[in-house]
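Engineer:
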Amino acid sequence: MTKIVAGNWKMHHGPAQARDFFRSFVPDLPEEGGPRVLVFPPVIALEAVVGSDDRPDSVGVGVQNVHYEDSGAFTGETSAGMAKEVGATHALIGHSERRHVFGESDEDVRRKVAAVIRNGLVPVVCVGETLEERRGGRLEEVILRQLDAALEVLSGTTAEFLVAYEPVWAIGTGETATPEDASQAHGVLKGRLAESLSSERAGAVPVLYGGSVKPGNARDLMRAPGVDGVLVGGASLDPDQFARICEAGAAAATD
Ligand code: PGA
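Numbering (the working numbering), first residue to last: 6 to 260.
(1) Quick one: give me the first and last residue of the beta strand (DSSP E) that Leu198 is part of.
(2) Got a sec? Which residues, its chain only, sit under 8 Å from Glu185 by beta carbon, not counting five neighbours each side?
(3) Just checking Gly238 against the ligand PGA - is the residue's beta carbon closer than 8 Å to any of the ligand's heavy atoms?
(4) Val237 and Asn13 - do their beta-carbons sit closer together than 9 Å?
(5) Tell me whether Val218 sits in a helix, a strand or coil according to DSSP, three-state version.
(6) Is Ser217 near the ligand PGA, in the sense that its beta carbon is under 8 Å from a heavy atom of that ligand?
(7) Would you call the segment 160-173 and the segment 112-130 touching, i.e. three or more CB-CB distances under 8 Å?
(8) Provide the residue(s) that pair with Cys131 in DSSP beta bridges, ordered along the chain.
(9) Gly142 by DSSP, collapsed to three states: which one?
(10) When you compare the segment 219-227 with the segment 196-204, are there three or more beta-carbon pairs, one atom per stretch, that lie closer than 8 Å?
(11) If you count every other CB in all the chains shown that lies within 10 Å of the CB of Asp245, and 16 or more means buried, which is it?
(12) Return yes when at least one heavy atom of the ligand PGA lies under 8 Å from the C-beta of Glu109, else no.
(13) Closer than 8 Å: is that where the CB of Ala155 sits relative to any heavy atom of the ligand PGA?
(14) To the nearest angstrom, how far is the alpha carbon of Ala155 from that of Gly19?
(15) Name the one or two DSSP bridge partners that Asn13 has.
(16) What I want to know is whether the C-beta of Ala169 ends up closer than 8 Å to one or more non-hydrogen atoms of the ligand PGA.
(17) Please return the same chain residues whose Cβ sits closer than 8 Å to the Cβ of Lys15, not counting the five positions on each side in sequence.
(18) From the DSSP output, which residues share a beta bridge with Ala3?
(19) Can you tell me whether Lys15 sits near the ligand PGA, meaning its C-beta is under 8 Å from at least one heavy atom of the ligand?
(20) Classify Ile9 as buried or exposed, calling it buried when 16 or more other Cβ atoms lie within 10 Å of its own Cβ.
(21) Would you report the Cα separation of Tyr214 and Glu171, rounded to the nearest angstrom?
(22) Is any heavy atom in the ligand PGA found nearer than 8 Å to the beta carbon of Gly177?
(23) Locate the alpha helix (DSSP H) running through Gly56, then write down its first and last residues.
(24) Determine the contact status of Gly133 and Ile148, defining contact as a CB-CB distance below 9 Å.
(25) Please list the terminal residues of the continuous beta strand (DSSP E) segment that includes Gly3.
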């Protein structure tokens with residue numbers, strides 16, 4: 006099955022660097038069977054990425070966060086409709102930095118998912134447990150609670166969406182979940198999707214793994230059962246490393 010390789014640039018790469026990135030991003034992909042590639046630049050660089058002649062058309066563009074209202078007195082915020090207007094097709098919702106650095110709650114996530122689908126973007130719903138929660142045996146409880154908040158909105162629609170499992174302890178730390186850890190959590194999430202959605206729809210929801218994905222571990226992670234692709238932070242900033250992860254996605258699809 007075609008894998009998905011998504012790059013979350015976080016607060017890196019303004020417009021000029023974003024354009025430079027695509028001048029050097031040349032993955033060596035087979036004509037058929039390459040991964041679906043997405044990048045999530047900072048909102049200020051969205052237009053530069055969308056308009057870059059060097060960006061292959063096959064590389065989709067998403068926004069890292071949106072506000073849950075469509076407009077209003079919310080200084081500093083961006084609405085889903087505005088992101089769509091400049092050409093974004095996807096939106097990360099509930100990334101662990103949004104939850105843990107900016108205090109976003111499950112209720113915020115629910116409202117943001119609603120705003121995203123109301124405006125015709127595809128949400129990528131991020132879930133993940135902290136080390137303390139994992140050690141306390143609460144992995145399932147935490148990731149299912151986070152997923153359920155999004156499903157409250159999504160189960161009543163036919164909207165396309167993705168889920169990203171990103172254990173907080175593996176993000177930006179160099180600690181990666183093993184392929185077995187990822188498979189186990191993905192199995193839990195897919196079980197809940199199967200309970201909440203029609204079987205056809207549940208089977209169509211990709212679940213990505215994120216957390217210290219690098220060229221050296223990407224293929225093993227993407228060939229693990231239940232892992233449909235990866236969400237890459239640090240290694241997506243470097244065009245060469247990101248290209249190698251895309252190549253790993255192509256290889257994993259045929260493993
Ligand atoms: P990382 O970040 O690859 O730098 O660990 C992943 C993410 O936060 O999406």
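Glycine included, each C-beta is placed from N, C-alpha and C at the ideal position.
Structural biologist: So, from the listed chains and residues:
(1) Looking at the DSSP string, Leu198 is not in any beta strand (DSSP E); the run it does join, the alpha helix (DSSP H), is Pro184 to Ser201.
(2) Ala229
(3) yes
(4) yes
(5) In the structure shown, Val218 sits in coil (DSSP, three-state: anything other than H, G, I, E or B).
(6) yes
(7) A contact exists between the segment 160-173 and the segment 112-130.
(8) Ala169
(9) coil
(10) no
(11) With fewer than 16 other Cβ atoms within 10 Å, it is exposed.
(12) no
(13) no
(14) One C-alpha to the other measures close to 30 Å.
(15) Phe45
(16) yes
(17) Correct list, in chain order: Pro47, Gln69, Glu102 and Gly238.
(18) Examination of residue 3 is not possible in this model, given that the chain is present from 6 through 260 alone.
(19) yes
(20) buried
(21) 6 Å
(22) yes
(23) Element bounds for Gly56: Leu51 to Gly56.
(24) Contact annotation: Gly133 and Ile148 have beta-carbon atoms nearer than 9 Å.
(25) The structure shown does not extend to residue 3, since the chain spans only 6 to 260, so no value can be given for it.
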